[in-house]
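Enquirer:
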Amino acid sequence: MDTYRKLVKKYNFLKALPFILPFTIVYLIFLIFPIFRGLWISLHRWTMVRKMDFVGLDNYLYMIKDPAFWESLGNTLLFVVLSTPAIVITGLVFALICNQKIKGQLFLKISFFLPYVLSVAVVSSIMVYLFQPHSGLLNSVLQNFGVDQTIYWLGQDALAWFVIVFATLWWTVGFNMILYLAALQDIPESFYEAAKVDGATKFQELWHITLPLLKPITWVITLLQIIFSFKIFAQVWLITGGGPGTATRPIVQYIYETSFKENSLGYGASMAFTFFIVLVAVSVFQIYFRRRKEG
Amino acid sequence: MENNNSPTRKVIKYSFSYLLAVLFIFPIIWMLFASLKPSGFHVASIIEWFLPPYSIVNYFDVIDRAPVIRWMFNSLVVATSVTFLVIIFDSLAAFALSVIDFKYKNVVFVLFTVGLMVPTEANVVALFDIVNKLGLLNTYPGLIFPRVAIPLGIIILKEFFDAIPRDLIDSARIDGCGLFRIYFSIFMPLSKAAIASIGIFTFIQAWNSFLWPFIAIMTKEMFTLPVGVPTFTDAYTPDYSIPMTVNMIASTPAIVAFLLFQKQIIKGIKMTGIKG
Numbered sequence: 001m002d003t004y005r006k007l008v009k010k011y012n013f014l015k016a017l018p019f020i021l022p023f024t025i026v027y028l029i030f031l032i033f034p035i036f037r038g039l040w041i042s043l044h045r046w047t048m049v050r051k052m053d054f055v056g057l058d059n060y061l062y063m064i065k066d067p068a069f070w071e072s073l074g075n076t077l078l079f080v081v082l083s084t085p086a087i088v089i090t091g092l093v094f095a096l097i098c099n100q101k102i103k104g105q106l107f108l109k110i111s112f113f114l115p116y117v118l119s120v121a122v123v124s125s126i127m128v129y130l131f132q133p134h135s136g137l138l139n140s141v142l143q144n145f146g147v148d149q150t151i152y153w154l155g156q157d158a159l160a161w162f163v164i165v166f167a168t169l170w171w172t173v174g175f176n177m178i179l180y181l182a183a184l185q186d187i188p189e190s191f192y193e194a195a196k197v198d199g200a201t202k203f204q205e206l207w208h209i210t211l212p213l214l215k216p217i218t219w220v221i222t223l224l225q226i227i228f229s230f231k232i233f234a235q236v237w238l239i240t241g242g243g244p245g246t247a248t249r250p251i252v253q254y255i256y257e258t259s260f261k262e263n264s265l266g267y268g269a270s271m272a273f274t275f276f277i278v279l280v281a282v283s284v285f286q287i288y289f290r291r292r293k294e295g
Numbered sequence: 001m002e003n004n005n006s007p008t009r010k011v012i013k014y015s016f017s018y019l020l021a022v023l024f025i026f027p028i029i030w031m032l033f034a035s036l037k038p039s040g041f042h043v044a045s046i047i048e049w050f051l052p053p054y055s056i057v058n059y060f061d062v063i064d065r066a067p068v069i070r071w072m073f074n075s076l077v078v079a080t081s082v083t084f085l086v087i088i089f090d091s092l093a094a095f096a097l098s099v100i101d102f103k104y105k106n107v108v109f110v111l112f113t114v115g116l117m118v119p120t121e122a123n124v125v126a127l128f129d130i131v132n133k134l135g136l137l138n139t140y141p142g143l144i145f146p147r148v149a150i151p152l153g154i155i156i157l158k159e160f161f162d163a164i165p166r167d168l169i170d171s172a173r174i175d176g177c178g179l180f181r182i183y184f185s186i187f188m189p190l191s192k193a194a195i196a197s198i199g200i201f202t203f204i205q206a207w208n209s210f211l212w213p214f215i216a217i218m219t220k221e222m223f224t225l226p227v228g229v230p231t232f233t234d235a236y237t238p239d240y241s242i243p244m245t246v247n248m249i250a251s252t253p254a255i256v257a258f259l260l261f262q263k264q265i266i267k268g269i270k271m272t273g274i275k276g
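The listed protein sequences correspond, in order, to chains A and B. If you use this note's numbering, the first sequence corresponds to residues 1 to 295, in order. If you use this note's numbering, the second sequence corresponds to residues 1 to 276, in order.
This is the structure we're talking about:
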């Protein structure tokens, strides 16, 4: 019996091949192989035009002492810390607003979600003009309210960070809102009816029923948001270019500049591989956490 | 006890919710009106942004002056091909993982799941090298395949396929159907909703992707919209009309598609729960 089953399975493998092969080929070439290729490149000094020079762990040793690496990694972490709570909480608030008994729910939902379908290039462009110092929309509004001074939004570290976080929130909060809405709609109506019988106020309902029941999805959304925020590049590149100076330059931008502007692909690859390990660690933590929550 | 449905409460609820929603899409509305201002028009106060004169001459100007239509065509080719290939490749693989009991099945499944953790952002240097060696830099396939390699669709579709009753397979088998027939005539039609959601979601992600096209494209003719659009944004000119027109041209297809398919898109997000 056992040998028979083994035979069937072996035969089935041939039958499965045409189904799994097309994807597997693309997957191995464009997703799995680059990881190992990246590790290999990171052990070399390489400028694309010349031959690869094996240097062992030199790139990694250089990285540890490179203040620009730590600064850009720190900037990425700062962005994760600033953006995650802001975007998760705003997503929850928007979901609660859309989940009210209110006419025109669809309009609210569409409004909050719409920026998500825009390209990051368009979002960044709108933000650049919104926060433009002299004729930007925001400064003109502020002037109407009596603010005389011209605010250079992208000229100061703290303000530039604010603009980047704001742009990201505006662009992506709709995504979190949808996940929260789905969870809100899963809460049985009877819970609220029971609370009403007991004379609970709206706030008590929110605090004692809704929020505790949203805890699991909040973890999922938070961890997704953390991974997404770690990968920040495009908004910063297009809005501040990493500036003022290098004050908002994230790690992905530093990897890009090192590899493709300064042509140090070996060093770029070693930072990319380090960044890859960091992201995998975050993902593994997420999976472990989800399992523990479910099991 | 306070009345939850008192008129004041209702007014506050409605005005707060609607005000917030309108404020939120205000930048999009502004983009529309700014694109309708004649180029070089001086805007003295905020309200002037939204008042006539309107003109659509910018749109013709932009289309004449820059290869925006070409960029849109490039984006369309890339996003459509990615979507098409993702649907075919992912559904085939998901079918094998769900239906066929083959050797190394678990190994294959784990291998695909691991791929979910690999971000393009941390892979760009090696990907550039590989795509370059394959001679695919600055080509459509070079933009398409790295996106097709993402295994998310397989994981989602496998769950869907697992829920399809096995009796259907058995009776199809008795009728003499081969595996491809079962895949094509039973599994694909039964998973239309899931496939539509994955398709739309994949399309939006591919349409909007920035980092990889930004690195892999060398010439202006091959730009996709997200790479081309920023070449118009200039923080130092007070003339917003032209860049905002470019933004509008780049966004309109996405906005229209969203309004048409918003139900499926929202369903797709609930299903995938993954950001780009």
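Beta carbons: idealized from backbone N, C-alpha and C, even for Gly.
Within its chain, find whatever has a CB closer than 8 Å to the CB of residue 276/A; leave out the 5 residues flanking it on each side and keep chain order.
Expert: Within the first sequence, numbered from 1, the residue matching residue 276/A stands at position 276. Cβ within range, chain order: 35 and 38.
Enquirer: Checking contacts by CB at 8 Å: is residue 112/A closer than that to chain B?
Expert: For the purposes of this step, residue 112/A is taken as residue 112 along the first sequence, with counting starting at 1. For residue 112/A, the answer is yes, since a Cβ of chain B falls inside 8 Å of its Cβ.
Enquirer: Excluding the 5 residues flanking residue 151/B on each side, which residues of the same chain have their C-beta closer than 7 Å to its C-beta?
Expert: Your numbering for residue 151/B matches position 151 in the second sequence. Correct list, in chain order: 112, 115 and 116.
Enquirer: Does chain B have any CB closer than 8 Å to the CB of residue 318/A?
Expert: Any question about residue 318/A goes unanswered here, given that chain A covers just 1 to 295.
Enquirer: Check for me: the alpha helix (DSSP H) holding residue 178/A runs from which residue to which?
Expert: As a position in the first sequence, residue 178/A is number 178, starting the count at 1. Per DSSP, residue 178/A belongs to the alpha helix (DSSP H) from 157-185.
Enquirer: Taking the beta carbon of residue 240/A as the centre, do at least 16 other beta carbons fall within 10 Å, making it buried, or is it exposed?
Expert: Along the first sequence, one-based indexing puts residue 240/A at 240. So residue 240/A ends up on the buried side.
Enquirer: Which one of 210/B, 62/B, 203/B and 13/B has the shortest CA to CA distance from residue 85/B?
Expert: Position 85 of the second sequence, counting from 1, holds the residue named residue 85/B. Nearest C-alpha to residue 85/B: 203/B.
Enquirer: Would you identify the three-state DSSP class for residue 261/B, choosing helix, strand or coil?
Expert: The residue you call residue 261/B lines up with position 261 of the second sequence. Helix.
Enquirer: Rounding to the nearest angstrom, what Cα-Cα distance links residue 256/A and residue 238/A in this structure?
Expert: Residue numbering aside, residue 256/A sits at position 256 when the first sequence is read from its first letter. Residue numbering aside, residue 238/A sits at position 238 when the first sequence is read from its first letter. Each residue's Cα considered, the two are about 14 Å apart.
Enquirer: With distances taken Cα to Cα, identify the nearest neighbour of residue 55/B among 72/B, 61/B, 36/B and 68/B.
Expert: Against the second sequence, residue 55/B aligns to sequence position 55. The shortest C-alpha separation from residue 55/B is found at 36/B.
Enquirer: Looking only at C-alpha atoms, which of 161/A, 206/A, 223/A and 174/A sits nearest to residue 247/A?
Expert: The residue labelled residue 247/A in the question sits at position 247 within the first sequence. Per the Cα distances, 161/A.
Enquirer: Assuming residue 219/A contacts residue 289/A under a Cβ cut-off of 8 Å, what Cβ separation, rounded to an integer in Å, is found between them?
Expert: Counting from one through the first sequence, the residue named residue 219/A turns up at place 219. Counting from one through the first sequence, the residue named residue 289/A turns up at place 289. Yes, residue 219/A and residue 289/A are in contact; Cβ-Cβ is about 7 Å, under 8 Å.
Enquirer: Quickly, what does DSSP pair residue 54/A with across the bridge? List them, please.
Expert: Position 54 of the first sequence holds residue 54/A. Answer is 44/A, bridged to residue 54/A.
Enquirer: Does residue 10/A have its Cβ less than 8 Å from a Cβ in chain B?
Expert: Start at 1 with the first residue of the first sequence, and residue 10/A comes out as number 10. Chain B, which has a Cβ nearer than 8 Å to the Cβ of residue 10/A, makes this yes.
Enquirer: Could you give the DSSP three-state label for residue 82/A: helix, strand or coil?
Expert: Residue numbering aside, residue 82/A sits at position 82 when the first sequence is read from its first letter. Of the three classes helix, strand and coil, the one that applies to residue 82/A here is helix, per DSSP.
Enquirer: Quick one: using the 10 Å Cβ neighbour count with 16 as the cut-off for buried, is residue 182/B buried or exposed?
Expert: Mapped onto the second sequence, residue 182/B falls at position 182. Looking at its Cβ environment, which holds 16 or more other Cβ atoms inside 10 Å, residue 182/B is buried.
Enquirer: Thinking just about the alpha-carbon of each residue, which of 184/A, 186/A and 207/A is nearest to the one in residue 195/A?
Expert: For the purposes of this step, residue 195/A is identified with residue 195 of the first sequence, where counting begins at 1. For residue 195/A, the nearest C-alpha among the options comes from 207/A.
Enquirer: Would you kindly work out how many angstroms separate the C-alpha atoms of residue 133/B and residue 164/B, rounded to a whole number?
Expert: As a working mapping, residue 133/B is identified with position 133 in the second sequence. As a working mapping, residue 164/B is identified with position 164 in the second sequence. Taking the straight line joining both Cα atoms gives about 43 Å.
Enquirer: Please tell me whether residue 229/A and residue 230/B are closer than 8 Å, where the distance is taken between their beta carbons.
Expert: Position 229 of the first sequence, counting from 1, holds the residue named residue 229/A. Position 230 of the second sequence, counting from 1, holds the residue named residue 230/B. It is not a contact, given that the beta carbons lie outside the stated cut-off.
Enquirer: Using the Cβ count rule (16 or more neighbours within 10 Å means buried), how would you classify residue 48/A?
Expert: Here the question's residue 48/A lines up with position 48 in the first sequence. Classification of residue 48/A: exposed, given that the 10 Å Cβ count is below 16.
Enquirer: Report yes or no: is there a C-beta of chain A within less than 8 Å of the C-beta of residue 304/B?
Expert: Residue 304/B lies beyond the stretch modelled for chain B, which goes from 1 to 276, so this question has no answer here.
Enquirer: Please compile the residues from chain B whose C-beta is within a distance smaller than 7 Å of the C-beta of residue 263/A.
Expert: Sequence index remark: in the first sequence, residue 263/A carries index 263 (1-based). Simply none; closest approach about 11 Å.
Enquirer: Alpha carbon to alpha carbon, how far is residue 58/A from residue 194/B?
Expert: Here the question's residue 58/A lines up with position 58 in the first sequence. Here the question's residue 194/B lines up with position 194 in the second sequence. So the alpha carbons of these two residues sit roughly 48 Å apart.
Enquirer: Return yes when the Cβ of residue 179/A is within less than 8 Å of the Cβ of residue 270/B, no when it is not.
Expert: The residue labelled residue 270/B in the question sits at position 270 within the second sequence. The residue labelled residue 179/A in the question sits at position 179 within the first sequence. Yes, the pair counts as a contact, with Cβ atoms nearer than the cut-off.
Enquirer: Out of 44/A, 60/A and 63/A, state which residue places its alpha-carbon closest to the alpha-carbon of residue 299/A.
Expert: As shown, chain A starts at 1 and ends at 295. That puts residue 299/A outside it, with no answer to give.
Enquirer: With 8 Å as the threshold, decide whether the Cβ of residue 32/A is near any Cβ in chain B.
Expert: Taking the first sequence and counting its residues from 1, one reaches residue 32/A at position 32. Chain B contact via Cβ: present.
Enquirer: Give the secondary structure of residue 263/A by DSSP, where H, G and I count as helix, E and B as strand, and everything else as coil.
Expert: Stepping through the first sequence from its first residue, residue 263/A is reached at position 263. Three-state result, residue 263/A: coil.
Enquirer: Quick check on residue 2/B - is its C-beta less than 8 Å from some C-beta in chain A?
Expert: Counting from 1 along the second sequence, the entry for residue 2/B is found at position 2. Note on residue 2/B: pLDDT 47, under 50, position unreliable in the model; the coordinate value appears next. So yes, residue 2/B belongs to the interface.
Enquirer: Can you tell which of 184/A, 148/A and 55/A has the C-alpha that lies nearest to the C-alpha of residue 209/A?
Expert: Within the first sequence, the letter at position 209 stands for residue 209/A. Of the listed residues, the one whose Cα sits closest to residue 209/A is 184/A.
Enquirer: Compile a chain-ordered list of the residues in the stretch 113-143 of chain B whose CB is closer than 7 Å to at least one CB of chain A.
Expert: Hits within the stretch, in order: 115, 117, 118, 119, 121, 122, 123, 124, 125, 126, 127, 129 and 130.
Enquirer: Can residue 26/A and residue 126/B be called in contact, C-beta distance under 8 Å?
Expert: Within the first sequence, the letter at position 26 stands for residue 26/A. Within the second sequence, the letter at position 126 stands for residue 126/B. No. Outside cutoff.
Enquirer: Could you tell me the distance, in whole angstroms, from the CA atom of residue 128/A to the CA atom of residue 233/B?
Expert: Counting from 1 along the first sequence, the entry for residue 128/A is found at position 128. Counting from 1 along the second sequence, the entry for residue 233/B is found at position 233. So the alpha carbons of these two residues sit roughly 8 Å apart.
Enquirer: Which residues in chain B have a C-beta closer than 7 Å to the C-beta of residue 125/A? List them in chain order.
Expert: As a working mapping, residue 125/A is identified with position 125 in the first sequence. Result: 229, 230, 233, 243 and 247.
Enquirer: How would you write the range of the alpha helix (DSSP H) that residue 166/B sits in, first residue to last?
Expert: Looking up residue 166/B in the second sequence gives position 166. Unbroken alpha helix (DSSP H) run through residue 166/B: 166-174.
Enquirer: Within 10 Å of its beta-carbon, does residue 249/A have 16 or more other beta-carbons around it, so buried, or fewer, so exposed?
Expert: Position 249 of the first sequence, counted from the first residue, corresponds to residue 249/A. So residue 249/A ends up on the buried side.
Enquirer: Which residues, taken in chain order from the stretch 177-201 of chain B, show a beta carbon closer than 9 Å to some beta carbon of chain A?
Expert: For the stretch 177-201 of chain B, which is checked against every Cβ of chain A, the residues closer than 9 Å are 179, 180 and 183.
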